[in-house]
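Enquirer:
Number of protein chains: 2
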Amino acid sequence: MIRPANTLRPILALLGTLCCTVSVQANGSDLMVRIAEVEVQEAALEQYLATVKEEAKASVNLEPGVVSIFPMYEKASPTKIRILEIYASREAYESHLKTAHFLKYKTTTLEMVKSLVLVEMDAIDSETMSQIFKKAGSKAP
Amino acid sequence: MIRPANTLRPILALLGTLCCTVSVQANGSDLMVRIAEVEVQEAALEQYLATVKEEAKASVNLEPGVVSIFPMYEKASPTKIRILEIYASREAYESHLKTAHFLKYKTTTLEMVKSLVLVEMDAIDSETMSQIFKKAGSKAP
Chain A
1 MIRPANTLRP ILALLGTLCC TVSVQANGSD LMVRIAEVEV QEAALEQYLA
51 TVKEEAKASV NLEPGVVSIF PMYEKASPTK IRILEIYASR EAYESHLKTA
101 HFLKYKTTTL EMVKSLVLVE MDAIDSETMS QIFKKAGSKA P
Chain B
1001 MIRPANTLRP ILALLGTLCC TVSVQANGSD LMVRIAEVEV QEAALEQYLA
1051 TVKEEAKASV NLEPGVVSIF PMYEKASPTK IRILEIYASR EAYESHLKTA
1101 HFLKYKTTTL EMVKSLVLVE MDAIDSETMS QIFKKAGSKA P
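From first to last, the protein sequence lines stand for chains A and B.
At position 111 of the first sequence the residue is numbered 111 (our numbering), and the sequence of numbers has no breaks.
Position in the second sequence counted from 1, then plus 1000, gives you our numbering.
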């Protein structure tokens, strides 16, 4: 039985690492996708909606690394908010956290928020994401 | 103290109705937004992902009334799928249910799906939705 010599092992390990790197790069990007689930105090709902709307708009308009911030509310329970957030990379997200508009949103809404769950997601079809959103951009009001 | 005469009440009620109608029309559209939460059998996951990817692509490419179908999975539990679905109207959605690609997806995945919850949503900022998605379309891979 032939076993790889000890000297071969680091080379095999390196090859393994290279394969992984290639596959991650081929997969598209460092894109960060998540859904934030926010439950808001009922009395503060109107103010929260105005604040999150302003923050989403500023982020999309001012930050190149913010691919999308799309806030929605549940029709049956309007105090339950879900925000689809997509950042170009973790660095873009870290930089978003330091912007004046995000900090204003965070401090303004701190007392309005009952609970916050951040669900990290990944796109199933990252190859045709831009095609999907281009269509949405041309069809949405 | 002056009270509106009984004869005035129907007129006031009618004015109220007209105001509501105007506000709903000004709000934009009949857009239908929802998040489907699908839990998939672990053994069928790979096949499910391929099937939903194909279905989303066909819907976005072939149906003018499909604004977006964007499938994601939870990073921590990849069998938990969430699909952001946006249709131009309820009619567009009803017509989507009759397409060959949707029917193929539905019958192929029936046994793969453990649970399905449909959460009806509404965009918080329907005025700038197209702006949000245009940005996403230009920035996503």
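Glycine included, each C-beta is placed from N, C-alpha and C at the ideal position.
Since the structure is predicted, the reported quantities are computational estimates derived from the model, not experimental observations.
When the Cα atoms are used, what is the spatial distance from B:Gln-1131 to A:Lys-134?
Expert: Walking along the second sequence from the start, residue 1131 of chain B turns up at place 131. Walking along the first sequence from the start, residue 134 of chain A turns up at place 134. About 10 Å.
Enquirer: To the nearest angstrom, report how far apart A:Pro-64 and A:Ile-86 are at their CA atoms.
Expert: Working through the first sequence from its first residue, we reach residue 64 of chain A at position 64. Working through the first sequence from its first residue, we reach residue 86 of chain A at position 86. About 12 Å.
Enquirer: In whole angstroms, what is the alpha-carbon distance linking A:Ser-89 and B:Phe-1102?
Expert: Here residue 89 of chain A is taken as the residue at index 89 of the first sequence, counted from 1. Here residue 1102 of chain B is taken as the residue at index 102 of the second sequence, counted from 1. Going by the C-alpha atoms only, they are around 33 Å apart.
Enquirer: Measure the beta-carbon distance from B:Met-1121 to B:Gln-1047 and round it to whole angstroms, keeping in mind my assumption that it falls under 8 Å.
Expert: Position 121 of the second sequence, counting from 1, holds the residue named residue 1121 of chain B. Position 47 of the second sequence, counting from 1, holds the residue named residue 1047 of chain B. Incorrect: roughly 28 Å between the Cβ atoms, too far for contact.
Enquirer: Counting only beta-carbon atoms, is A:Val-24 nearer than 7 Å to chain B?
Expert: Reading the first sequence from its first residue, position 24 is the one you call residue 24 of chain A. Note that A:Val-24 scores 33 on pLDDT, short of 50, meaning its location in the model is unreliable and no value can be drawn from it.
Enquirer: Do you know offhand how far A:Gln-108's Cα is from A:Thr-51's?
Expert: Along the first sequence, one-based indexing puts residue 108 of chain A at 108. Along the first sequence, one-based indexing puts residue 51 of chain A at 51. The question names Gln, but residue 108 of chain A is Thr in the sequence shown. Answer to the nearest angstrom: the Cα atoms are 8 Å apart.
Enquirer: Look up A:Glu-111 in the DSSP assignment and say whether it is helix, strand or coil.
Expert: By one-based count along the first sequence, residue 111 of chain A stands at place 111. Coil at A:Glu-111, not helix or strand.
Enquirer: Taking the CB atoms as reference points, tell me whether A:Met-129 and B:Ala-1140 lie closer together than 7 Å.
Expert: Start at 1 with the first residue of the first sequence, and residue 129 of chain A comes out as number 129. Start at 1 with the first residue of the second sequence, and residue 1140 of chain B comes out as number 140. Yes, they are a contact pair.
Enquirer: Could you check what DSSP says for B:Ile-1086 in three-state terms: helix, strand or coil?
Expert: Position 86 of the second sequence, counted from the first residue, corresponds to residue 1086 of chain B. Note: B:Ile-1086 maps to strand in three-state DSSP.
Enquirer: Under 8 Å Cβ-Cβ, which residues of chain A neighbour B:Lys-1075?
Expert: For the purposes of this step, residue 1075 of chain B is taken as the residue at position 75 of the second sequence. Glu-120, Met-121, Asp-122, listed in chain order.
Enquirer: How would you list, in chain order, the residues of chain A whose beta-carbon sits under 7 Å from the beta-carbon of B:Arg-1090?
Expert: Position 90 of the second sequence, counted from the first residue, corresponds to residue 1090 of chain B. Correct list: empty, because the minimum Cβ distance to chain A is about 13 Å.
Enquirer: Output the distance between the C-alpha atoms of B:Ser-1126 and A:Val-119, rounded to the nearest integer angstrom.
Expert: For this step, residue 1126 of chain B is matched to residue 126 along the second sequence. For this step, residue 119 of chain A is matched to residue 119 along the first sequence. One C-alpha to the other measures close to 23 Å.
Enquirer: So, helix, strand or coil for A:Leu-45, using DSSP?
Expert: As a position in the first sequence, residue 45 of chain A is number 45, starting the count at 1. The answer is helix: DSSP assigns A:Leu-45 an H, G or I state.
Enquirer: If I'm right that A:Ser-115 touches A:Glu-39 with Cβ under 8 Å, what's the distance once you round it to whole angstroms?
Expert: Taking the first residue of the first sequence as 1, we reach residue 115 of chain A at position 115. Taking the first residue of the first sequence as 1, we reach residue 39 of chain A at position 39. With a Cβ gap of about 5 Å, A:Ser-115 and A:Glu-39 count as contacting.
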